[in-house]
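Number of protein chains: 4
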Amino acid sequence: MNRTTIETGRGKIRWARANMRLHQQIAVRFREERPLANQRIGMSLHLEAKTAVLAQTLCEGGASLYVIESNPLATQDDVAAALAETEGITVNARRGVSVEEHLEHIDALLDQRPTLIVEDGGEVIERIVKRGIDRFPSLVGLSEETTTGVEHLLRLQQAGRLPIPAIAVNSARMKHLIDNRYGTGQSTWDAILRGTNLLIAGKTVLIIGYGWCGRGLAMRAVGLGARVMVVDTDEVKEVEALMEGHEPVSLAEGMRRADVVITATGQPRVVGREMLALAKNGVLLANAGHFGFEIDVPALNDMAIRNEVSRDGVRAFEIADGRTLYLLGEGELVNLSVGDGHPIEIMDISFALQTLSQEYLALHHAALSPEVHAVPDEIERHVARMVLASWTQHR
Amino acid sequence: MNRTTIETGRGKIRWARANMRLHQQIAVRFREERPLANQRIGMSLHLEAKTAVLAQTLCEGGASLYVIESNPLATQDDVAAALAETEGITVNARRGVSVEEHLEHIDALLDQRPTLIVEDGGEVIERIVKRGIDRFPSLVGLSEETTTGVEHLLRLQQAGRLPIPAIAVNSARMKHLIDNRYGTGQSTWDAILRGTNLLIAGKTVLIIGYGWCGRGLAMRAVGLGARVMVVDTDEVKEVEALMEGHEPVSLAEGMRRADVVITATGQPRVVGREMLALAKNGVLLANAGHFGFEIDVPALNDMAIRNEVSRDGVRAFEIADGRTLYLLGEGELVNLSVGDGHPIEIMDISFALQTLSQEYLALHHAALSPEVHAVPDEIERHVARMVLASWTQHR
Amino acid sequence: MNRTTIETGRGKIRWARANMRLHQQIAVRFREERPLANQRIGMSLHLEAKTAVLAQTLCEGGASLYVIESNPLATQDDVAAALAETEGITVNARRGVSVEEHLEHIDALLDQRPTLIVEDGGEVIERIVKRGIDRFPSLVGLSEETTTGVEHLLRLQQAGRLPIPAIAVNSARMKHLIDNRYGTGQSTWDAILRGTNLLIAGKTVLIIGYGWCGRGLAMRAVGLGARVMVVDTDEVKEVEALMEGHEPVSLAEGMRRADVVITATGQPRVVGREMLALAKNGVLLANAGHFGFEIDVPALNDMAIRNEVSRDGVRAFEIADGRTLYLLGEGELVNLSVGDGHPIEIMDISFALQTLSQEYLALHHAALSPEVHAVPDEIERHVARMVLASWTQHR
Amino acid sequence: MNRTTIETGRGKIRWARANMRLHQQIAVRFREERPLANQRIGMSLHLEAKTAVLAQTLCEGGASLYVIESNPLATQDDVAAALAETEGITVNARRGVSVEEHLEHIDALLDQRPTLIVEDGGEVIERIVKRGIDRFPSLVGLSEETTTGVEHLLRLQQAGRLPIPAIAVNSARMKHLIDNRYGTGQSTWDAILRGTNLLIAGKTVLIIGYGWCGRGLAMRAVGLGARVMVVDTDEVKEVEALMEGHEPVSLAEGMRRADVVITATGQPRVVGREMLALAKNGVLLANAGHFGFEIDVPALNDMAIRNEVSRDGVRAFEIADGRTLYLLGEGELVNLSVGDGHPIEIMDISFALQTLSQEYLALHHAALSPEVHAVPDEIERHVARMVLASWTQHR
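So the sequences go chain by chain: A, B, C and D. Under the working numbering, the first residue of the first sequence carries the number 22, and numbering increases by one thereafter. Under the working numbering, the first residue of the second sequence carries the number 22, and numbering increases by one thereafter. Under the working numbering, the first residue of the third sequence carries the number 22, and numbering increases by one thereafter. Under the working numbering, the first residue of the fourth sequence carries the number 22, and numbering increases by one thereafter.
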């Protein structure tokens, strides 16, 4: 890794750290109390600047860390290089590893005999279960970042196979109420604006799915001057949308009238061939849901006589009937594929739940059954209080 | 110019054109009616994709064009190269020309014996007056894009020296009511989001100057979940801000409490040393006014013990007292220096006023006195009707 | 009851009916299907126009009704008189009955050997349990409107004493998500506006309690141009308020700065003597929670050297220190004590859940255990679909 | 006048005074400086509580006042009686005077040889001109409250017949920007809510006329959860509405889709027979413009087979085709006919301009030509500063 790249990585971490005020506070206490002294933490997360601050904070609490990528594409190499400079942190992550290399990294992580795991997606716990918990006697707990990972843990628990206590960070209110609504709401529109340079005021926006993400998307659309149509399979949510000043519509009606369509349902092919046939010429199509399958990109490809990149992050599909449909970020989660992902403060909140859950596991694992546990209420409220204090007072 | 660069330029023009629906409509009529047949138009504007669409549309109306840069840095070379491929358009513009070369370009433009001028800033009319109108007998009219240029025209008129009829596009309601409020409002926040990756919800924002730009900035700040403080030298405007739900404050009070400060006053050093001394640690400072002098950058430099680029478009100034202040876009107009400038549709509207003013000059110059004229009301309303039609119906 | 009074009552019912479009639709089907044929329904509710429409609709479904007041003050006599004209409905309700008379009414209702009960508050079921279910062999089910009543039913169930199946209407999402947020939100501000004739724009409003009611109150305050401060004992909710653009404050800080204070906590004496001592001169104090004890009125009386009615629904308390505090609606639920209660459409929704729950009990009681049941999901969604249909299409 | 009535009047004045904080401040200074000493002010205004506070404040500045009604119906007798108790104020006003009596009152006022006039509508100046200025040598100035009156003054000026300096209070920014937008915006919705007890959230509202009143109406409709359609004869304003998130429509389209229609155009029969034929069953029709002719009530009467009062302030028109249309406040200005008119603070601002204009005339009349003058800029800004001070600080 050359000097320039490392310097870029250092700059990214510095900017994230400067704006992660909860972690700044936690770090001050951690340096004094060292609650993670003697802990060896294995971390498998999307490795970018905000994650690096999480790692450094855990390290400041006394832990040594071994950090790998959570999937083959989930690493920014400059950040990885800069993070590796931190004493006490070993980084074994690289963008574009093969699936085999990634599995080797998991095994390498486990070979460090970690006491705690922080992970995203459930692959590490899967590997532990496969290899047998007896081989990892030092391991006392785990915290999981995502919905997918939590569902995996619950399946293990129901099958009677979960070997250690696990904290489901994703289920905390401070995670899903805040992250999904205000994180996705802002960052999706940020990505659309920078991807297109188009005006939102006066446009008609269709939000498909009115869960917490959908609410955030609708709220910020109104904030930019758009009129919002909403569709959800749950009619009660559609009534809520109505009362918020949005217009509930059928999917077909919405597709016919929308200038911008955003999916946030978690379901595959919600915008499929039939719906794409109804879309207006010039429509923008974006996905804000976790998986890249909500907009049926294969169908789009099939319908198009030609496609080309119009702008970074925008692909134009010319349809035989003369319409052009614009797909943002290739149909992947648009705030990550076209923008910079969640705002830094949102990750500061989510990762503060992680940091304090790791501390909790370190201190209380002996009293915890090998089940999936909620983030303790006192941790949630402590994080909430830190947010209130740092947001509403002079820095 | 190599093929790749030209292709990039073509792509930019294509994207702009696809989203400039007013110009699409005007072009259809122009190709049929050819109202600008035999006109030779000299154009001196900031040369980027939206301007290229304006030039092509005028060309489709029958005119031949000679295009130069409006100032030494105001050219995107890839767009210039792609535009030069259009038959009937000669481009003599390059990024980074010297002041001498720029003057040579103006003279070269005038040597084409233009019949009409479109310009931004007043340098061409200045040169015409200097060289004498008698040398340009074919010239019958001019339209001007900016406030600065219009003020220059008015000074010439008052001095009895304005030799030809000139249309003040900037003064039209469809320009200043729309462009300043909704264009600046959105694009400034777009730039701040992409420049910082920070969360706006829950933040306290200070808007300095509550003119049309300031109103747009405040409106969109609320739309992103911020609380807004406003300061203006006109107390009546502060009362309006109060009634809109914002908090009027003194400048000092606002500086003490703001997480984000945005200037839009047109006045120099509004945020000067004394005010910078009050700013919170971690504040973001951005300028949305035309000139880069509203935030006193020399004072910042002077106060800082160190400064460095934190992220593209963000410079951190470390002050001796331990605070760090972040300046966006070096204090220049933030939507241009960090973002992509006004949304495409906003320029579509502004340039439609230009296009139709050029047509008006071509058809009616004989009846017009050599004075500064407003954009005819029928043109404004025609543009408004086109906006309503293209925005509210299926494309 | 003289003719004029009956006519007034008829007019009120007509207006309510004209605007209860869900009940209009249900009535059409009920007249055809007669799902409540042979049912004798005992109804104990706050008897005003919207309740009369509920009663008439059940009657149109084939039931005969016996209607009493739900508490001594809960009857509008003109509406009672007009309702009594309906064939199949017996009304035994009067404003200002004594507690003894009210109990006699309950017994009279039970003496009708009802098959179903609709009630508000739990007094009828209490009486049934006391007298013994064996005496009422025809009784097969009950639906309950309020939180208080549902809590009572749950206590009976836990004690193993609930003798019949009971549907908890209050717990439905279509009740608490809609009624509390949009019903309370609008009707509270309606009452404050008509009670005071004061301007809300530019004012600072303190919302105490950020549950569903508090969210509705905050949302509509912003909609009227106010700035909103929020306090809640749950810090996670305060973070949500922050992200919505409100300002979380301590109670004391909020009391010091508020022009309007609204309570919605369900807790007694939230605004007690200590907080009243901090309030600004001229503050408006209103309660939007169910019980009249949130603002400590005895303390106010004690602190005041004089009090008098300033306007209908507004009492001025002059404090010895020179401040005057204004209490709306004597501290009782302000939308009922100063306004007309919930908007008609809100009660249309809530009572549609009642109507369809009664039908459900009539048809399915045999399959239901003597427990507290949720409103069946298909009823909720059916009501939601009716709302969507009647709100979004031409009437 | 009996004691009870006087006491009611006193209560109304007390409530107004308690909430007219600008007048409280002005009164403090007036009692000390007595700038109106020796002035005899003739006042002809709509006589209700807020006007009484204006009168008392002028009196505290040293003037004696003679107060009459500005038109036969413009007097609240209880307020008149209570005002008459003030030393220095003579009241000669009564509700329901005949036109002849009203003229006698004007003459009686003039017979007091006033030095200054405050009026609403221009009848007093008309009478002065008719009788001849020579008969009123003590008269030095006048201030006028309304648009109608100002237009009358301008006609007199153009005809060379305006005999004294007159200040056009209505033209001040603090009057039309504030009063029309925030006063009309809130008070119209207040009237609609109290008149109907209907829910606004989820409804579709048509605003006809997008001037300052229309903007206020649209803003507050959104604030209550409605979706807003806008129509204006000026397409540029329609584009502004679009960019604000409203939907510009044709009048016919709007009439077909609206649940609530509000006129604010100043033009007669904007909602005429043809448009009424398109309205939805159950629509609410309200007028927020000054004159009661915007909704064609005669046409409604003609189309209806029956009409009746549904609720105080709501008349139902049954049309032969089965639709029922609801007219609020008989088509008159709805905030006055169904509600309490402008919020108190709005009149505090407007009347502060009056009070200070009277002071200005008293002090500077000698330097003023007999023309229509604007409210001096320093008075506007002084009033704005008082608003800012009293709204944003502890009372």
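We treat Cβ as the ideally placed atom computed from N, Cα and C, and that holds for glycine. Predicted, not measured: the structure shown is a model, and the values here were computed from it.
Which stretch, first to last residue, makes up the alpha helix (DSSP H) that contains residue i?
i: Leu348 (chain B); result: Run containing Leu348 (chain B): none in the alpha helix (DSSP H); it sits in the beta strand (DSSP E), Thr345 to Leu349.
i: Ser371 (chain A); result: Ile365 to His385
i: Ala273 (chain A); result: Leu272 to Arg278
i: Val455 (chain D); result: The structure shown has nothing for residue 455 (chain D), since chain D only spans 22 to 416.
i: Ala129 (chain A); result: Val120 to Asp132
i: Gly181 (chain B); result: First-last for Gly181 (chain B): undefined, no H or E at that position.
i: Leu245 (chain B); result: Neither: Leu245 (chain B) is in no alpha helix (DSSP H) and is coded neither H nor E.
i: Ile149 (chain A); result: Glu144 to Arg152
Assuming residue i contacts residue j under a Cβ cut-off of 8 Å, what Cβ separation, rounded to an integer in Å, is found between them?
i: Thr78 (chain C); j: His44 (chain C); result: 5 Å
i: Arg336 (chain A); j: Leu348 (chain A); result: 5 Å
i: Ala298 (chain C); j: Cys234 (chain C); result: Not confirmed; about 26 Å, so no contact.
i: Ala239 (chain B); j: Ile228 (chain B); result: 5 Å
What residue does the beta strand (DSSP E) around residue i start on, and which one ends it?
i: Arg327 (chain B); result: Ala325 to Arg332
i: Thr25 (chain B); result: Taken as a continuous stretch (DSSP letters only), Thr25 (chain B) belongs to no beta strand (DSSP E), being part of the alpha helix (DSSP H) at Arg24 to Asn40.
i: Ile199 (chain D); result: Unbroken run through Ile199 (chain D) is the alpha helix (DSSP H), Arg194 to Ile199; no beta strand (DSSP E).
i: Asn113 (chain B); result: Ile110 to Asn113
i: Val394 (chain A); result: Per the sequence presented here, residue 394 (chain A) reads as His, with Val not at that position. Unbroken beta strand (DSSP E) run through His394 (chain A): Val393 to Ala395.
i: Asn302 (chain A); result: Counting along the chain, Asn302 (chain A) falls outside any beta strand (DSSP E), and DSSP gives it neither H nor E.
Across which residues does DSSP place residue i in a beta bridge pair?
i: Ile228 (chain A); result: A:Val251 and A:Ile283
i: Leu66 (chain B); result: B:Glu90
i: Ser164 (chain C); result: C:Val139 and C:Ile188
i: Ala337 (chain C); result: C:Glu329 and C:Tyr347
i: Ile316 (chain B); result: B:Val292
i: Leu354 (chain C); result: C:Asn308
i: Ser85 (chain C); result: C:Arg61
In this structure, how does DSSP classify residue i when only helix, strand and coil are distinguished?
i: Thr96 (chain D); result: strand
i: Leu57 (chain C); result: coil
i: Asn308 (chain B); result: strand
i: Glu268 (chain C); result: strand
i: Ser208 (chain D); result: helix
i: Arg416 (chain B); result: In this predicted model, Arg416 (chain B) has a pLDDT of only 37, less than 50, meaning its place in the structure is not dependable; the value taken from the coordinates is given anyway. Coil, per DSSP.
i: Leu220 (chain D); result: coil
For this session: Take every Cβ of the region 83-91 of chain C, pair it with every Cβ of the region 56-70 of chain C, and state whether three or more of those distances are shorter than 8 Å.
Result: yes
Exercise. Hey, is the region 280-296 of chain C in contact with the region 260-271 of chain C, meaning 3+ C-beta pairs nearer than 8 Å?
Worked result: no
Exercise. Is it true that the region 355-365 of chain C meets the region 301-314 of chain C, where meeting means three or more beta-carbon pairs spaced less than 8 Å apart?
Worked result: yes
For this session: State whether the region 170-179 of chain C contacts the region 139-159 of chain C, with contact taken as three or more CB pairs (one from each stretch) at a distance under 8 Å.
Result: yes
For this session: Answer yes if the region 178-195 of chain C comes into contact with the region 390-405 of chain C, meaning at least three C-beta pairs across the two stretches below 8 Å, and no otherwise.
Result: yes
For this session: Could you tell me whether the region 151-164 of chain B touches the region 102-119 of chain B, using the rule of 3 or more Cβ pairs below 8 Å?
Result: no
Exercise. Are three or more beta carbon pairs between the region 365-373 of chain D and the region 193-208 of chain D nearer than 8 Å?
Worked result: yes
Problem set entry | Touching by the beta-carbon criterion (3+ pairs, under 8 Å), the region 322-334 of chain A and the region 370-388 of chain A | no
Problem set entry | contact_flag[the region 91-106 of chain B, the region 23-36 of chain B] where n(CB pairs < 8 Å) is 3 or more | yes
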